[in-house]
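Residues 687 to 857 in the numbering used here are what the sequence shown spells out, letter by letter.
Working notes for the structure below.
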Amino acid sequence: SGKLYQFKLVLLGESAVGKSSLVLRFVKDQFDDYRESTIGAAFLTQTISLDDNTTVKFEIWDTAGQERYKSLAPMYYRNANCAVVVYDITQPSSLDKAKSWVKELQRQADPNIVIALAGNKSDLNARRAIDSEEAQAYATDTGLLFFETSAKTAVNVNELFTSIAKKMPLE
Ligand code: GDP
Ligand code: MG
687 SGKLYQFKLV LLGESAVGKS SLVLRFVKDQ FDDYRESTIG AAFLTQTISL DDNTTVKFEI
747 WDTAGQERYK SLAPMYYRNA NCAVVVYDIT QPSSLDKAKS WVKELQRQAD PNIVIALAGN
807 KSDLNARRAI DSEEAQAYAT DTGLLFFETS AKTAVNVNEL FTSIAKKMPL E
């Protein structure tokens with residue numbers, strides 16, 4: 687018989703980078719070009735089955751308040767086991783913002799938190815403003831998982847969440 691593990695996952699990053707879209711793709715395998723922005727926090731769950739008869743259930747907190755009211759953020763990432771920090775590969779300022787979230791998590795969140803950096807909107811490669819290699823080097827130096835994702839085309843979305851599941855301490 688298999689084992690079930692449950693983890694709290696938070697999404698952080700600048701407004702409009704695609705946090706809610708990544709969650710919608712992962713949980714419902716859908717994408718919406720004209721999504722209404724998140725109001726407050728949305729809570730969704732999704733499970734991943736790993737090869738070894740293990741199931742990981744993510745409780746996903748998709749937040750919007752943190753974008754404007756930074757003081758709310760600790761409430762969301764408190765007790766989080768993992769975080770996805772998202773930037774938009776076409777918006778350089780969004781990577782700066784992502785880096786500041788990573789610093790804050792590394793200082794203030796659970797010391798064992800697993801953090802993944804997601805460079806989203808990889809389908810907009812023609813408008814790319816952030817080099818993959820540069821972001822990968824930053825992620826490696828900082829101890830983060832790293833994927834370039836597209837919530838629109840679904841590229842690397844399951845891979846992102848599966849690699850987080852595999853990095854969680856399962857015992
Ligand atoms: P959030 O504010 O970070 O939650 O961002 P949203 O998920 O609301 O997305 C903001 C906008 O970017 C919406 O118009 C989405 O349709 C669009 N978007 C999100 N992900 C992608 C993606 O991977 N590719 C493209 N081309 N657009 C995306
Ligand atoms: Mg949102």
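A virtual CB, placed ideally from N, CA and C, is assigned to each residue, including glycine.
Since the model is a prediction, treat every value here as computed from it, not as a measurement.
{"Asked": "Thinking C-beta only, is tryptophan 747 closer than 9 angstroms to lysine 785?", "Found": "no"}
{"Asked": "Can you check which of these residues, Ser707, Lys853, Gln732, is closest to isoleucine 801 by C-alpha distance?", "Found": "Lys853"}
{"Asked": "So, are the CB atoms of phenylalanine 717 and serine 707 less than 9 angstroms apart?", "Found": "yes"}
{"Asked": "Could you give the uninterrupted runs of the beta strand (DSSP E) lying entirely in the stretch 689 to 717, keeping only those of 3 residues or more?", "Found": "689 to 699"}
{"Asked": "For serine 780, which of Tyr824, Phe847, Ile816, Ala766 has the nearest alpha-carbon?", "Found": "Ile816"}
{"Asked": "Just reading off the beta strand (DSSP E) that glutamate 745 is part of, what are its end residues?", "Found": "740 to 749"}
{"Asked": "Tell me glutamine 732's beta-bridge partners as DSSP assigns them.", "Found": "Phe744"}
{"Asked": "By DSSP's criteria, valine 771 is part of a beta bridge. Which residues make up the other side?", "Found": "Leu698, Leu803"}
{"Asked": "Any idea what DSSP makes of glutamate 845, helix, strand or coil?", "Found": "helix"}
{"Asked": "Can you tell me whether lysine 705 sits near the ligand MG, meaning its C-beta is under 8 angstroms from at least one heavy atom of the ligand?", "Found": "yes"}
{"Asked": "Over the uninterrupted alpha helix (DSSP H) stretch that includes glutamate 819, give me the two end residues.", "Found": "818 to 828"}
{"Asked": "Name the one or two DSSP bridge partners that leucine 791 has.", "Found": "Partner(s): none; leucine 791 has no beta bridge."}
{"Asked": "Mind checking who leucine 831 pairs with in its DSSP beta bridge?", "Found": "Ala802"}
{"Asked": "Verify the contact flag: tyrosine 762, CB atom, against every heavy atom of the ligand GDP, threshold strictly below 8 angstroms.", "Found": "no"}
{"Asked": "On the three-state DSSP scale, how would you describe lysine 852?", "Found": "helix"}
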